[in-house]
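Asker: These protein sequence lines are chains R and V, in that order.
Using our numbering, the first residue of the first sequence is number 4, and each one after it goes up by one.
Using our numbering, the first residue of the second sequence is number 13, and each one after it goes up by one.
Okay, here's the structure, questions in a sec.
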Amino acid sequence: MSEIKDEVELLNTQEYFINMGPQHPSTHGVLRLVLTIDGEIIRKIEPHIGYIHRSIEKMCEKDSYRQMVHLTDRMDYLSCHINNEAVCLAVENALQVEVPERVKVIRTLVAELNRLSSHQLWWGVMGMDLGAITSIFYGFRDREMINDIFEETCGARLTMNYNVPGGVMFDIHPNFQKRTKEFVKHFKTKIPEYDTLLSDNPIFRARTEGIGILSKEDAIAYGVSGPSGRASGFACDIRKRIPYSAYPKVEFKEILMTEGDCFARYKARILEMWESLHIIEQLIDNIPEGEFQAPTKQVIKLPKGEFYQRVETARGDFGVYIISDGNKSPYRLKFRSPGFSNLFVLDKVAAGCKLADLIAIMSTFDYVIPDIDR
Amino acid sequence: MDNEGLKNLLHTWTEGLETEEGPQYLNVRVPAAALHAFAQRLKTDPDTSFDYLFCLTGVDWPEYLEVVYHLESTAHGHKMVLRARTEGRTDPRLDTVCDIWPTADAHEREAYDLFGIRCNNHPDLRRLLLTDDWEGYPLRKDYIDEINIVEL
Numbered sequence: 004m005s006e007i008k009d010e011v012e013l014l015n016t017q018e019y020f021i022n023m024g025p026q027h028p029s030t031h032g033v034l035r036l037v038l039t040i041d042g043e044i045i046r047k048i049e050p051h052i053g054y055i056h057r058s059i060e061k062m063c064e065k066d067s068y069r070q071m072v073h074l075t076d077r078m079d080y081l082s083c084h085i086n087n088e089a090v091c092l093a094v095e096n097a098l099q100v101e102v103p104e105r106v107k108v109i110r111t112l113v114a115e116l117n118r119l120s121s122h123q124l125w126w127g128v129m130g131m132d133l134g135a136i137t138s139i140f141y142g143f144r145d146r147e148m149i150n151d152i153f154e155e156t157c158g159a160r161l162t163m164n165y166n167v168p169g170g171v172m173f174d175i176h177p178n179f180q181k182r183t184k185e186f187v188k189h190f191k192t193k194i195p196e197y198d199t200l201l202s203d204n205p206i207f208r209a210r211t212e213g214i215g216i217l218s219k220e221d222a223i224a225y226g227v228s229g230p231s232g233r234a235s236g237f238a239c240d241i242r243k244r245i246p247y248s249a250y251p252k253v254e255f256k257e258i259l260m261t262e263g264d265c266f267a268r269y270k271a272r273i274l275e276m277w278e279s280l281h282i283i284e285q286l287i288d289n290i291p292e293g294e295f296q297a298p299t300k301q302v303i304k305l306p307k308g309e310f311y312q313r314v315e316t317a318r319g320d321f322g323v324y325i326i327s328d329g330n331k332s333p334y335r336l337k338f339r340s341p342g343f344s345n346l347f348v349l350d351k352v353a354a355g356c357k358l359a360d361l362i363a364i365m366s367t368f369d370y371v372i373p374d375i376d377r
Numbered sequence: 013m014d015n016e017g018l019k020n021l022l023h024t025w026t027e028g029l030e031t032e033e034g035p036q037y038l039n040v041r042v043p044a045a046a047l048h049a050f051a052q053r054l055k056t057d058p059d060t061s062f063d064y065l066f067c068l069t070g071v072d073w074p075e076y077l078e079v080v081y082h083l084e085s086t087a088h089g090h091k092m093v094l095r096a097r098t099e100g101r102t103d104p105r106l107d108t109v110c111d112i113w114p115t116a117d118a119h120e121r122e123a124y125d126l127f128g129i130r131c132n133n134h135p136d137l138r139r140l141l142l143t144d145d146w147e148g149y150p151l152r153k154d155y156i157d158e159i160n161i162v163e164l
């Protein structure tokens, strides 16, 4: 009798902890997850963040409204232009400056190119996380074209700092329209290639379909926004719901899914790329003539009060909350970063999954760690 | 519901509300003691159903600390700002709302980490961004750190 008991005890498993990160290739940055594991099943995930916390909010309390724009593209560096735009829009709304139509269109065009480049990088890395090395070369090949356009017009390839309060820093380069059209034409033939390589790949499907399901209720309760939230059916596209810049003028679809699994989050981004191309096509030949900056004072002082600006970055609902006491720097400034809220749903989504599934889940949430740590 | 209707409705719920219509959102300040019950009702009442907490901010004011909750209803589309103040600055406490909006869990840990606002009944109130042995609360206005902060 005691022999049988011993044998059963021998087969019992025990929960244990492992650290994933801070230097794990699939965390895409310095993020540490403390996993409670039972065999291969994840029981609990506890994110530890702050490895690259720079306290940008505190720095902004000392900076002028012109300076702080430059800090925002160090947060979500893949959506840098859209982060910049959020601060600029907040300042412009507070000052009640009406920016020229030309600026609105240029900003929207660059923002959509920025979103595309972010999704291209995400797509390449997503494939690589799941063991397909080819996708990263495809993604980077196409992303390179966008970076070249940025380099010509903005003078930088990654952290562009193209927005300034009142407009954009320089007018667009004479080649901008031509090269953007070339890119759109090129990329339209490439997204089907992306589908052939990953979307229709049986191994890829097996690793994403039905994995890491997030319900719509949970998406709202945990504040999961962006393509990740929309894959669960949470209609949260700020471009549609609180339109800014040139978005009221263009026609595009808000991608909504119902499955809420990894594949839905993947598909939502792929479909979003088509919508971004569609937006660019509508605007690229219709850039109005005019100034590229509205006149603003050299030293910007916001009126006393509170200003909140929301924009849709490649990761979701990004917010800038400025509390001004009338001085040239804000009294308090808060960045609501989409990655932060999207990260803390991980325990809800991945508990009960296999360890290898966590890689797919993290990839489809598209975390950018500086965006989380700020 | 528009801001005016929202304001009138909320005043019938609790005594001691202070409302102010800002340029964007309706600002509602609720006494700290009534915060949890009021927040609960904001979410569950079908007329308001504020189910999406899209931002939670700690603010340091000279006499007290404040937590600002930006709320949105995905069903109705209306938005509002809920605010609650702590009693003084030495032992600032507020009730947690993370049982109502789970996203508040991490945001409240951040407010604790950077402002020292303790949330009563929070399941796991630890430092979030900084190391566990960090002294002081960096986003407070009176925080002085000669090593890590370079004054301009």
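All C-beta atoms in this analysis are idealised placements derived from N, C-alpha and C, irrespective of residue type, glycine included.
1) Pull up the DSSP beta-bridge partners for E49/R, would you.
2) So V72/R packs on N87/R, CB below 8 Å; how close in whole Å?
3) Report the CB separation of I112/V from A45/V in whole angstroms; it is logged as a contact under 8 Å.
4) Please confirm whether I55/R and V90/R have their CB atoms less than 8 Å apart.
5) Along chain B, which residues have their Cβ under 7 Å away from the Cβ of D320/R?
6) Taking only the alpha-carbon atoms, compute the straight-line gap between K300/R and E30/V and give it to the nearest angstrom.
7) Spell out whether any CB of chain V is found under 8 Å from the CB atom of I326/R.
8) Write down every uninterrupted run of the alpha helix (DSSP H) in the stretch 181-264 of chain R whose length is 4 residues or greater and which is fully enclosed by it, in chain order.
9) Express the C-alpha separation of P104/V and R118/R in angstroms, rounding to a whole number.
10) Name the two residues that bound the continuous alpha helix (DSSP H) containing Y124/V.
11) Leaving aside the five residues before and after H23/V along the sequence, list all residues of the same chain whose C-beta is less than 8 Å from its C-beta, in chain order.
12) Does the CB of H82/V have a neighbour CB from chain R at under 8 Å?
13) Is there at least one Cβ from chain V nearer than 8 Å to K61/R's Cβ?
14) Is it the case that the Cβ atoms of Y269/R and T367/R are separated by a distance below 8 Å?
15) Do I214/R and D360/R have their C-beta atoms closer together than 8 Å?
16) Is L65/V closer than 8 Å to D107/V when the C-beta atoms are compared?
17) How should G148/V be labelled, buried or exposed, when 16 other C-beta atoms within 10 angstroms of its C-beta is the threshold for buried?
18) For L38/R versus I21/R, is the C-beta spacing smaller than 8 Å?
19) Who does H82/V pair with in a DSSP beta bridge?
20) Starting from D154/V, find everything on chain R with Cβ-Cβ shorter than 9 Å and list it in chain order.
21) Would you grab the beta carbon distance between S58/R and A317/R for me? Rounded to a whole angstrom, and I think it's under 8 Å.
22) Bridge partners for G170/R per DSSP, in chain order?
23) State the DSSP-derived secondary structure class of T322/R, mapped to helix, strand or coil.
24) Against chain R, does T60/V count as a neighbour if the rule is that its beta carbon must be under 8 Å from one of theirs?
25) Taking DSSP as the reference, what is the three-state secondary structure of Q285/R?
26) Give the single residue among G342/R, L133/R, A271/R, D221/R whose Cα lies nearest to the Cα of Y80/R.
27) Using a Cβ-Cβ cut-off of less than 7 Å, give me the residues of the stretch 113-138 of chain V that come near chain R, in sequence order.
28) Please determine if the stretch 121-131 of chain V and the stretch 70-83 of chain V are in contact, where contact requires at least 3 C-beta pairs separated by less than 8 Å.
29) Report the residue from Y165/R, M148/R, I136/R, Y68/R whose alpha carbon sits nearest the alpha carbon of I109/R.
30) Specify the secondary structure class of L38/V as computed by DSSP and reduced to three states.
31) Can a CB atom of chain R be found closer than 8 Å to the CB of V71/V?
32) Verify whether the separation of the beta carbon atoms of Y2/R and Y141/R is less than 8 Å.
Answerer: The short version:
1) Here residue 49/R is taken as the residue at index 46 of the first sequence, counted from 1. Answer is V37/R.
2) Within the first sequence, residue 72/R is the residue found at index 69, counting from 1. Within the first sequence, residue 87/R is the residue found at index 84, counting from 1. 5 Å between Cβ atoms; contact.
3) On the second sequence, position 100 is the one that residue 112/V refers to. On the second sequence, position 33 is the one that residue 45/V refers to. Not a contact, Cβ separation roughly 16 Å.
4) By 1-based counting over the first sequence, the position of residue 55/R is 52. By 1-based counting over the first sequence, the position of residue 90/R is 87. No.
5) The chain labelled as chain B is not found among the protein chains of the depicted structure, namely R and V.
6) Along the first sequence, one-based indexing puts residue 300/R at 297. Along the second sequence, one-based indexing puts residue 30/V at 18. Taking the straight line from one Cα to the other gives about 36 Å.
7) Locating residue 326/R in the first sequence gives position 323, counting from the first residue. It does; some Cβ of chain V falls within 8 Å.
8) 205-211, 219-224, 229-233, 241-244
9) Within the first sequence, residue 118/R is the residue found at index 115, counting from 1. Within the second sequence, residue 104/V is the residue found at index 92, counting from 1. Answer to the nearest angstrom: the Cα atoms are 41 Å apart.
10) Numbered from its first residue, the second sequence carries residue 124/V at position 112. Residues 116-127.
11) Stepping through the second sequence from its first residue, residue 23/V is reached at position 11. Closer than 8 Å at the Cβ level, and outside the excluded window around H23/V, lie L29, T31.
12) Counting from 1 along the second sequence, the entry for residue 82/V is found at position 70. Chain R contact via Cβ: present.
13) The residue given as residue 61/R occupies position 58 in the first sequence. Output row for K61/R: interface = yes.
14) For this step, residue 269/R is matched to residue 266 along the first sequence. For this step, residue 367/R is matched to residue 364 along the first sequence. Contact flag set, yes.
15) For this step, residue 214/R is matched to residue 211 along the first sequence. For this step, residue 360/R is matched to residue 357 along the first sequence. Their beta carbons are under 8 Å apart, which means I214/R touches D360/R by this criterion.
16) Position 95 of the second sequence holds residue 107/V. Position 53 of the second sequence holds residue 65/V. For D107/V and L65/V, no; Cβs fall outside 8 Å.
17) Taking the first residue of the second sequence as 1, we reach residue 148/V at position 136. Exposed, by the Cβ-count rule.
18) As a first step, residue 38/R is located in the first sequence; it is residue number 35 there, counting from the start. As a first step, residue 21/R is located in the first sequence; it is residue number 18 there, counting from the start. Yes, the pair counts as a contact, with Cβ atoms nearer than the cut-off.
19) For the purposes of this step, residue 82/V is identified with residue 70 of the second sequence, where counting begins at 1. According to DSSP, H82/V bridges with C67/V, V93/V.
20) As a first step, residue 154/V must be located in the second sequence, where it is residue number 142. Neighbours of D154/V on chain R: none; closest Cβ ~13 Å, over 9 Å.
21) As a position in the first sequence, residue 58/R is number 55, starting the count at 1. As a position in the first sequence, residue 317/R is number 314, starting the count at 1. So it is not a contact: roughly 24 Å between Cβ atoms.
22) On the first sequence, position 167 is the one that residue 170/R refers to. For G170/R, which the question treats as bridged, DSSP gives the partners V167/R, Q296/R.
23) For the purposes of this step, residue 322/R is taken as the residue at position 319 of the first sequence. Note that residue 322/R corresponds to Gly in the displayed sequence, not to Thr. Strand.
24) Sequence index remark: in the second sequence, residue 60/V carries index 48 (1-based). It does not; no Cβ of chain R falls within 8 Å.
25) Within the first sequence, numbered from 1, the residue matching residue 285/R stands at position 282. Here Q285/R sits in helix by DSSP.
26) Taking the first sequence and counting its residues from 1, the one referred to as residue 80/R is at position 77. Of the candidates G342/R, L133/R, A271/R, D221/R, the one whose C-alpha sits nearest the C-alpha of Y80/R is G342/R.
27) W113, P114, T115, D117, A118
28) yes
29) By one-based count along the first sequence, residue 109/R stands at place 106. Checking every option, the nearest Cα to that of I109/R belongs to Y165/R.
30) Walking along the second sequence from the start, residue 38/V turns up at place 26. Looking at L38/V - three-state DSSP - the assignment turns out to be strand.
31) If you number the second sequence from 1, residue 71/V lands on position 59. Chain R, which has a Cβ nearer than 8 Å to the Cβ of V71/V, makes this yes.
32) Nothing can be reported for residue 2/R, as the shown portion of chain R is limited to 4 through 377.
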